[in-house]
Amino acid sequence: MTSSLNRRNGTIAALTALLLLMFGLLQSAPAFADSADAETGIAVQAETGYQGKAKDMVWQPVKLTLTNRTAKDLKGELAVSVYVPYGGQSTDYVVPVELPRSTPIEVTMMLPGVSLNKDTNRIRFFEGGVKSGKEVKVGLEYLTNQLTASFMIGVVSRDPDTLNFMPTLNQKGYAIEVVPLKAERLAEQAAAYDMLDALVLNDVPTAILSGEQVEAIVTWVKRGGTLILAGGAGYAKTAEAFADITPVKPGGTETLKALPALESYGGKPLPAESAVTVSTGELTAGSVIVSENGLPLAAKRAIGRGEALYVAFDPSLEPFASWSGSPAVWAQLLQKNLLPLQQGLKMGYDNRFWGLQQIADMFPSLNPPDIRILLVCFLIYLVLVAPVIYLLLYKIDKREWAWWLIPAVSVATSIVIFLVGVADKRTMMTHSVQTIELTGLGDGFQTGVTAIFSPTGGTVRASFPEQMRVLTYPNRNNPGGGLRLDNTEQVTVGESATTVVWSDVPYWSTRKGWIEGRKVDDAGRFDIKTSYENGSLRIDVTNGTPTALTNVHVLMNGGAYKLGDLAPGGTATATVPGFPQTAPPAYVDYGLLLFPQGPNTRNDEFARERALAANYMNRYQDSPLPLEPVVVGFSRDGNPWFELNGKQVKTDNVTLWVQPFRLESVQDGRYYVPPGTVQPFVTDNRMEQMARDQDGTMTLTRGELEFEYRLPEAAGVDYESLRIYPDNRFGQQNRIQWSIWDAAAGEWTELQLGSGTLDLGERSPNYVADGGIIRMKAAVAAQAETRLPDIGLEGKVKR
22 MTSSLNRRNG TIAALTALLL LMFGLLQSAP AFADSADAET GIAVQAETGY QGKAKDMVWQ
82 PVKLTLTNRT AKDLKGELAV SVYVPYGGQS TDYVVPVELP RSTPIEVTMM LPGVSLNKDT
142 NRIRFFEGGV KSGKEVKVGL EYLTNQLTAS FMIGVVSRDP DTLNFMPTLN QKGYAIEVVP
202 LKAERLAEQA AAYDMLDALV LNDVPTAILS GEQVEAIVTW VKRGGTLILA GGAGYAKTAE
262 AFADITPVKP GGTETLKALP ALESYGGKPL PAESAVTVST GELTAGSVIV SENGLPLAAK
322 RAIGRGEALY VAFDPSLEPF ASWSGSPAVW AQLLQKNLLP LQQGLKMGYD NRFWGLQQIA
382 DMFPSLNPPD IRILLVCFLI YLVLVAPVIY LLLYKIDKRE WAWWLIPAVS VATSIVIFLV
442 GVADKRTMMT HSVQTIELTG LGDGFQTGVT AIFSPTGGTV RASFPEQMRV LTYPNRNNPG
502 GGLRLDNTEQ VTVGESATTV VWSDVPYWST RKGWIEGRKV DDAGRFDIKT SYENGSLRID
562 VTNGTPTALT NVHVLMNGGA YKLGDLAPGG TATATVPGFP QTAPPAYVDY GLLLFPQGPN
622 TRNDEFARER ALAANYMNRY QDSPLPLEPV VVGFSRDGNP WFELNGKQVK TDNVTLWVQP
682 FRLESVQDGR YYVPPGTVQP FVTDNRMEQM ARDQDGTMTL TRGELEFEYR LPEAAGVDYE
742 SLRIYPDNRF GQQNRIQWSI WDAAAGEWTE LQLGSGTLDL GERSPNYVAD GGIIRMKAAV
802 AAQAETRLPD IGLEGKVKR
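Position in the sequence shown (first residue = 1) + 21 = my numbering.
Below, the structure is given as structure tokens:
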């Protein structure tokens with residue numbers, strides 16, 4: 022009996038152990054794929070942005086290295102789902118990829134500039150495809166990064182510590198980060214450099230770069246980047262791949278025992294006996310910034326919106342690596358967009374995405390039904406139902422027919438009213454608005470938004486014939502509240518095409534997308550010539566684009582100056598009479614200046630053009646960056662940008678053609694800086710409080726505020742007249758004591774600013790420091806409202 026019981030207990034124990042073992046195996050089985058296919062899934066290594074840093078609303082490069090650890094080769098789609106918190110939409114960024122077993126495959130993609138963490142993104146892989154494939158387990162669930170607003174300098178150099186002294190400027194109010202990069206790892210997409218404010222190539226052989234890498238860097242420069250080519254004795258090999266854009270053609274080398282001009286530029290003496298080897302060469306384009314006995318030490322050349330800088334010495338070598346003047350030298354070389362942080366201001370935040378969203382809702386082909394037609398239909402229905410049908414049935418003695426005839430007439434009338442209301446809503450259609458920003462070199466770059474109306478809903482597929490950066494806009498059906506993994510919005514970027522798919526779209530719905538990154542090779546240019554005549558500025562513009570343009574204007578200093586309509590090859594002249602007496606406001610509705618709005622806003626013919634101009638001109642609102650003058654013009658066409666569900670559909674496009682330009686400071690041996698063309702920026706704030714409104718008005722409290730004006734092309738000028746233009750709108754100048762730095766005497770000089778312009782006359786040269794910097798100070802005893810003064814200069818270029 023006991024033996025039988027023991028055997029029974031042993032059997033139960035064995036069965037229990039077996040069940041527990043099976044349960045444990047089930048618990049440990051992969052949740053994403055069969056164990057035969059996903060022994061350990063896909064290993065993932067990730068690099069986000071630069072050193073894990075990204076910038077708000079600036080596209081960030083992401084490199085993923087995928088290693089297939091399953092039992093078979095895989096072919097499918099990698100999807101990184103990203104939640105953009107500003108609009109509340111989730112989008113899958115998809116890349117087709119093949120993963121042979123145990124072979125690392127690198128995938129590079131561009132993602133929106135948002136904070137990446139466990140709540141805002143997810144990495145997934147689908148064998149076969151996102152919509153219908155089987156999900157395979159990945160070893161890294163999500164990406165991480167850190168948002169930064171710093172001025173980011175990428176450095177490719179023989180010495181990875183090159184320019185490591187630049188962050189010392191952060192103690193003076195700057196925000197600078199230096200990122201060492203490797204030449205062989207440089208991106209082949211221009212968009213991958215957008216996070217960088219400057220890229221330094223120092224003593225590296227650029228001949229090893231691929232054609233795609235060089236083209237990407239040049240394209241980035243044209244869009245506004247700053248490329249610095251340096252290296253001293255190694256400059257020739259540094260400049261080799263960029264011979265078409267460098268300002269100085271490589272020559273030989275020279276040893277200099279003293280650099281007094283550079284010492285003056287940096288504001289600090291170099292160590293004694295600091296003989297250095299510098300490169301020599303011929304200035305082929307642009308202007309010299311610093312020279313030593315006629316030998317250029319630094320030069321710059323405008324390339325579209327950006328510039329290429331030449332530096333004759335190697336900053337990684339002594340004495341420059343430890344010289345206390347090096348940070349100041351490089352701060353001035355990068356002054357185009359390197360500014361100290363200022364309270365209440367943003368460092369160039371581009372708000373075009375959100376401004377264009379409003380324009381996308383201005384669908385010109387979707388109009389509410391004409392109320393007059395609907396009213397006529399309703400009146401006809403009333404007449405038919407009441408007197409006509411009643412009298413007719415009474416006359417033929419068939420009044421019982423009213424039970425079915427009146428409902429039939431009601432149904433028929435309802436159908437007619439419905440058909441009238443949806444007369445323009447029966448087919449799929451689009452409208453698009455875009456800005457083509459011309460570089461002045463014959464090409465341009467497109468930024469735009471497209472809206473798609475789908476009458477039937479379902480799946481909407483937009484196919485672009487090239488690589489694009491697309492960010493979908495939120496729609497009314499987005500629930501928001503965090504990351505969604507429902508696969509309803511996908512952007513797939515291939516080698517030569519981009520596809521955007523919206524799934525589960527309700528009928529009579531609109532879907533919108535923001536598009537950036539298209540390079541327009543044959544965009545043409547505006548040929549712009551400026552000259553000064555009798556205190557006025559004359560601007561001659563020739564339309565060198567292939568398109569007839571309407572409403573062409575020069576926009577500058579808060580004003581719009583008409584050129585009219587210009588056919589291709591047409592020329593017109595605008596005159597800016599005199600100059601503003603105070604600095605232009607920070608916010609101007611240029612759209613209203615171009616297209617004054619009439620009383621009838623229901624059928625506003627130029628609503629999209631007005632919004633495009635206002636959006637572009639105020640894209641850097643609340644930024645201390647000066648607003649360049651631009652030439653703008655408009656065109657309309659019906660040429661589709663893309664196919665919808667494999668077909669081309671009706672579209673209605675508006676294009677803003679725009680080209681920024683620089684006012685030539687030197688003309689016929691004279692030097693001009695008109696008022697309003699150089700904006701001040703704050704360098705030191707010792708006030709109790711300071712606030713700034715959108716129109717540039719500052720509320721100043723007790724304390725002192727120092728600020729600077731940086732003059733363009735200021736080398737080799739005899740200054741004859743420096744004029745100060747105070748802001749007298751509030752009559753509070755007696756509350757502010759203005760001072761100017763006397764660079765010759767090394768001290769502050771108080772200014773007596775009244776209600777008019779102050780001309781400093783023969784003393785003017787004393788107030789322009791080396792490097793073309795004018796420093797001023799405001800000392801406030803009681804609260805005051807004002808704009809910082811404007812300045813104007815004239816002088817003679819030294820022969």
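Where a beta carbon is used, it is the ideal one built from N, C-alpha and C, also for glycine.
Assuming residue i and residue j form a contact by the criterion Cβ under 8 Å, report the distance between their Cβ atoms to the nearest whole angstrom.
i    : j    : result
T325 : K203 : Position check: residue 325 holds Gly in this sequence, whereas Thr was assumed. At roughly 27 Å, the Cβ-Cβ gap does not stay under 8 Å, so G325 and K203 are not in contact.
G252 : G346 : G252 to G346, Cβ: 20 Å. No contact.
S337 : N223 : 6 Å
G307 : K321 : 5 Å
V652 : V573 : 7 Å
M708 : R723 : 7 Å
Q81  : M216 : 6 Å
P696 : D811 : 5 Å
Residue i: which of the options sits nearest, CA to CA?
i    : options                   : result
V562 : V573, T568, N572 and I549 : I549
G503 : P117, Y104 and D77        : Y104
Y214 : M130, R145, E261 and P281 : M130
K139 : L161, R90 and G816        : L161
K798 : L809, D791, V789 and A805 : L809
N314 : Q680, N755, G737 and A260 : G737
V541 : T456, T531 and N572       : T456
T305 : A282, S312, P268 and T298 : P268
K270 : L217, G246, A296 and V332 : V332
F341 : R90, L250, R482 and M187  : M187
V512 : A634, A237, P133 and E685 : P133
G479 : W523, A518 and M450       : W523
Q66  : V83, F682 and Y256        : V83
For residue i versus residue j, is the C-beta distance shorter than 8 Å?
i    : j    : result
G73  : Q210 : no
D658 : A544 : no
R546 : G461 : yes
K96  : E119 : yes
Q804 : L721 : yes
E626 : F655 : no
Q378 : Y494 : yes
L648 : L677 : no
P226 : P201 : no
R532 : N555 : no
Counting C-beta neighbours from all protein chains within 10 Å, is the total for residue i 16 or more, i.e. buried, or is it exposed?
i    : result
I229 : exposed
G813 : buried
W759 : buried
G369 : Residue placement at G369 is flagged as unreliable, the pLDDT there being 39, under the threshold of 50; a coordinate-derived value is accordingly withheld.
S475 : buried
K93  : exposed
K819 : exposed
A57  : Confidence in A57 is poor, its pLDDT being 31 and thus under 50, which makes the residue's placement unreliable; the coordinate value appears in the next sentence. Exposed.
I757 : buried
G149 : exposed
F728 : buried
W529 : exposed
T124 : exposed
R145 : buried
E233 : exposed
K817 : exposed
With residue i as the anchor, note down where its beta strand (DSSP E) starts and where it stops.
i    : result
Y4   : The chain is shown from 22 up to 820; residue 4 falls before or after that span and cannot be answered.
R532 : S530 to G545
K671 : K671 to P681
T720 : M719 to L721
T240 : Not the beta strand (DSSP E): T240 falls in the alpha helix (DSSP H), residues G232 to K243.
P117 : Q110 to L120
Residue i lies in the alpha helix (DSSP H); which residues open and close that run?
i    : result
Y611 : Y611 to L615
R629 : A628 to M638
S517 : Per DSSP, S517 belongs to no alpha helix (DSSP H) and is neither H nor E.
V699 : Careful: V699 lies outside any alpha helix (DSSP H) and carries neither H nor E.
Y730 : That residue, Y730, is in no alpha helix (DSSP H); its beta strand (DSSP E) goes G724 to R731.
Given 7 Å as the limit, tell me if residue i has its C-beta closer than that to any heavy atom belonging to the ligand ADP.
i    : result
P348 : In the structure on display, the ligand ADP does not appear, and there are no ligands present to speak of.
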